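**Q** Terminal number for the sequence shown in this note's numbering: 347, no gaps in between. By construction, the Cβ of each residue, glycine as well, lies at the ideal position given by its N, Cα and C atoms. Given the structure is predicted, the values throughout are model-derived calculations rather than measurements.
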Amino acid sequence: MVEKKFNEEYFNKNEFFKEDPWRFGRSPYELNKYQRQIDLIKALISPKKPEKVDSILEVSSAEGIFTQMLLENFENAKITGVEFSSEAFKRSVKNLEPYGERVELIHGDIVDYAKNLKEKSFDAAVMSEVILYIGNDHSFTEMNDRVFYPVANSLKLGGVLVIAQIVDQKGYPEEDLSKTPIIHSYKAMLRDQPILKKVYDEPFFEYKDEEDQVFNYELWGFRRVDEKVEPNWKWRK
Ligand SMILES: C[S@@+](CC[C@H](N)C(=O)[O-])C[C@H]1O[C@@H](n2cnc3c(N)ncnc32)[C@H](O)[C@@H]1O
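See below:
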């Protein structure tokens, strides 16, 4: 039985009791991390132009800070954000109001919601700093069947999945969950999806001024492929 710790209540009480707890909207480190994810989507989606991107899924849209950057960088895209902290969700609705129908915000747990994602409907999906939380509360099988596979399956052929995740974090409640073998096991699960191909995998070591420490995070990119023509599919058939 997996101990459920990082549930909605945890985030409401420990993080989103105040606005922007991680300084997502102000920290150069965080903004740089968002920009890298955006640049990676642009690079991997090429030769499709960013203005031709019409749909992006954001798993854990929090207060909508990254969402807003996505909206500005992909000017014709509609963003679907799924976020389970009610406090963060309420603020995201307010923060993103100016974007009107370009934003669809869903208050929910991606583990329950992912089954509702329509097949081949997004140009891109992002999961920024969230997989370790989900992983703490769910088995590998659940991660695979209820999160990774349905998210991958919701991408159009050629669509991209971009993931940013801190590795080997020190001195935080997430410390144990961010150990390299755990994070890399998620990477292996994604790589082995019959409908994904790993196309980018880079570590970054960057100083976060506000916390006076260097964080190591990894950025991964996967492309949605057609399992019928990709020879490397092994399972789930
Ligand atoms: C460290 S924050 C990252 C937020 C955002 N992705 C970003 O990079 O700015 C983690 C977020 O994941 C959300 N979260 C955690 N588990 C979730 C789940 N199972 N479904 C949806 N959101 C989840 C939390 O509420 C929180 O907003």
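(1) List in chain order: all unbroken alpha helix (DSSP H) runs of 4+ residues lying wholly within the stretch 275–317.
(2) Regarding S196 and ligand 1, is the C-beta to nearest heavy atom distance less than 7 Å?
(3) Expressed to the nearest angstrom, what Euclidean distance is found between the alpha-carbon atoms of R256 and D247?
(4) Which residues share a DSSP beta bridge with N326?
(5) Assuming contact is defined by CB atoms lying nearer than 8 Å, are D302 and E328 in contact in what I supplied?
(6) Is it the case that the Cβ atoms of A234 and V163 are separated by a distance below 8 Å?
(7) Helix, strand or coil for L267? Go by DSSP, reduced to three states.
(8) What does a CB cutoff of less than 6 Å around K347 pick up in its chain, not counting 5 residues either side in sequence?
(9) Which same chain residues, not among the five before or five after I148, have their C-beta less than 6 Å away from its C-beta?
(10) Is the separation between the beta-carbon of I216 and that of T190 shorter than 8 Å?
(11) May I ask you to check if the CB of Y139 is nearer than 7 Å to at least one heavy atom of ligand 1?
(12) Write down the C-beta distance between F134 and E140 rounded to the nearest angstrom, noting that I regard them as a contact closer than 8 Å.
(13) Go ahead and pull the three-state DSSP assignment for K114.
(14) Mapping the DSSP letters down to three states, classify D255 as helix, strand or coil.
(15) Could you say which of E337, E320 and S156 lies nearest to R136 if we only look at CA atoms?
(16) Can you tell which of A262, Y296 and V192 has its C-alpha closest to the C-alpha of P304?
(17) Beta strand (DSSP E) containing L215: first to last residue?
(18) Taking buried to mean at least 16 other C-beta atoms within 10 Å of its own C-beta, is V335 buried or exposed?
(19) Decide if E129 is buried, meaning its Cβ has at least 16 other Cβ atoms within 10 Å, or exposed.
(20) Only counting the same chain, and skipping five residues up and downstream in sequence, which positions put a Cβ closer than 7 Å to that of A224?
(21) Is DSSP giving A234 helix, strand or coil here?
(22) Three-state secondary structure (DSSP) at S156?
**A** According to the structure data:
(1) 290–301
(2) The count along the sequence shown starts at 1 and reaches residue 196 at position 86. Result no, Cβ not under 7 Å from ligand 1.
(3) Here residue 256 corresponds to residue number 146 of the sequence shown, with the count starting at 1. Here residue 247 corresponds to residue number 137 of the sequence shown, with the count starting at 1. Approximately 12 Å, taken between the alpha carbons.
(4) The residue given as residue 326 occupies position 216 in the sequence shown. According to DSSP, N326 bridges with V277 and F315.
(5) Along the sequence shown, one-based indexing puts residue 302 at 192. Along the sequence shown, one-based indexing puts residue 328 at 218. In this structure, E328 does not lie closer than 8 Å to D302 by Cβ.
(6) Your numbering for residue 234 matches position 124 in the sequence shown. Your numbering for residue 163 matches position 53 in the sequence shown. Yes; because the gap between Cβ atoms is below 8 Å, this pair is in contact.
(7) If you number the sequence shown from 1, residue 267 lands on position 157. Correct three-state label for L267: strand.
(8) Taking the sequence shown and counting its residues from 1, one reaches residue 347 at position 237. Model confidence at K347 stands at a pLDDT of 44, short of 50, so the residue's coordinates are unreliable; what they give is reported in the following sentence. If we look at K347 and ignore the five residues flanking it on each side, it has no Cβ neighbours.
(9) Counting from one through the sequence shown, the residue named residue 148 turns up at place 38. Answer for I148: N183, listed in chain order.
(10) For the purposes of this step, residue 216 is taken as the residue at position 106 of the sequence shown. For the purposes of this step, residue 190 is taken as the residue at position 80 of the sequence shown. Against a cut-off of 8 Å, the Cβ pair of T190 and I216 comes out as a contact.
(11) Residue numbering aside, residue 139 sits at position 29 when the sequence shown is read from its first letter. No, ligand 1 has no heavy atom inside 7 Å of this Cβ.
(12) Position 24 of the sequence shown, counted from the start, is the residue given in the question as residue 134. Position 30 of the sequence shown, counted from the start, is the residue given in the question as residue 140. Yes, they are in contact, since the Cβ atoms of F134 and E140 sit about 5 Å apart, within 8 Å.
(13) As a position in the sequence shown, residue 114 is number 4, starting the count at 1. Three-state result, K114: coil.
(14) Mapped onto the sequence shown, residue 255 falls at position 145. Helix, per DSSP.
(15) Start at 1 with the first residue of the sequence shown, and residue 136 comes out as number 26. Checked all of E337, E320 and S156; the closest Cα to R136 is E320.
(16) In the sequence shown, counting from the first residue as 1, residue 304 sits at position 194. Cα-wise, what sits closest to P304 is A262.
(17) For the purposes of this step, residue 215 is taken as residue 105 along the sequence shown, with counting starting at 1. That run of the beta strand (DSSP E) goes V213 to H217.
(18) As a working mapping, residue 335 is identified with position 225 in the sequence shown. Under this definition V335 is a buried residue.
(19) As a working mapping, residue 129 is identified with position 19 in the sequence shown. It is exposed - the Cβ of E129 has fewer than 16 other Cβ atoms within 10 Å.
(20) Counted from its first residue, the sequence shown places residue 224 at position 114. Counting only Cβ-Cβ distances below 7 Å, and skipping sequence neighbours, we find R256, V257, P260 and V261.
(21) Counting from one through the sequence shown, the residue named residue 234 turns up at place 124. A234: strand per DSSP, three-state reduction.
(22) Working through the sequence shown from its first residue, we reach residue 156 at position 46. Coil.
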